[in-house]
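Going left to right, the sequence shown walks through residues 696 to 766 as my numbering numbers them. No residue lacks a Cβ here, since even glycine has one placed at the ideal position from N, Cα and C. Right, one structure below, let's go through it.
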Amino acid sequence: MTEEKMRQQLEQKLCKLEAQEACRNLMGRYSYYRTAFQNKEMVELWAKRDDAKLVTPWGSYQGILALKPAI
Numbered sequence: 696m697t698e699e700k701m702r703q704q705l706e707q708k709l710c711k712l713e714a715q716e717a718c719r720n721l722m723g724r725y726s727y728y729r730t731a732f733q734n735k736e737m738v739e740l741w742a743k744r745d746d747a748k749l750v751t752p753w754g755s756y757q758g759i760l761a762l763k764p765a766i
């Protein structure tokens with residue numbers, strides 16, 4: 696294996712590990728806010744895209760503008 700190939704593989708592994716850690720941190724913040732009833736802070740974790748969606752037993756909310764008042 697060439698040095699360049701090894702470097703590329705290491706970079707890919709590092710990117711994957713960083714993405715996994717970011718996901719764990721995001722889920723940790725979400726769980727904390729949810730448990731602490733800090734809904735305003737929890738909503739700020741949502742994607743600001745129009746296709747962001749929340750589905751609950753009491754309704755379905757599409758987009759960040761619909762989500763904020765629902766929580």
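Determine the closest residue to residue i out of the options, with distance taken between C-alpha atoms.
| i | options | result |
| --- | --- | --- |
| L760 | W753, R744 and T697 | R744 |
For the beta strand (DSSP E) that residue i lies in, which residues bound it at each end?
| i | result |
| --- | --- |
| Q733 | First-last for Q733: undefined, no H or E at that position. |
| K748 | K748 to T751 |
| G754 | G754 to Q757 |
Taking the alpha-carbon positions, what's the residue i to residue j distance?
| i | j | result |
| --- | --- | --- |
| L749 | E716 | 24 Å |
| A742 | E736 | 13 Å |
| R729 | P752 | 16 Å |
| P764 | Y756 | 10 Å |
| Y727 | L740 | 12 Å |
| K700 | C710 | 15 Å |
| Q733 | L762 | 14 Å |
| A714 | V738 | 21 Å |
Does the pairing of the segment 721-729 with the segment 705-712 give three or more beta-carbon distances under 8 Å? no
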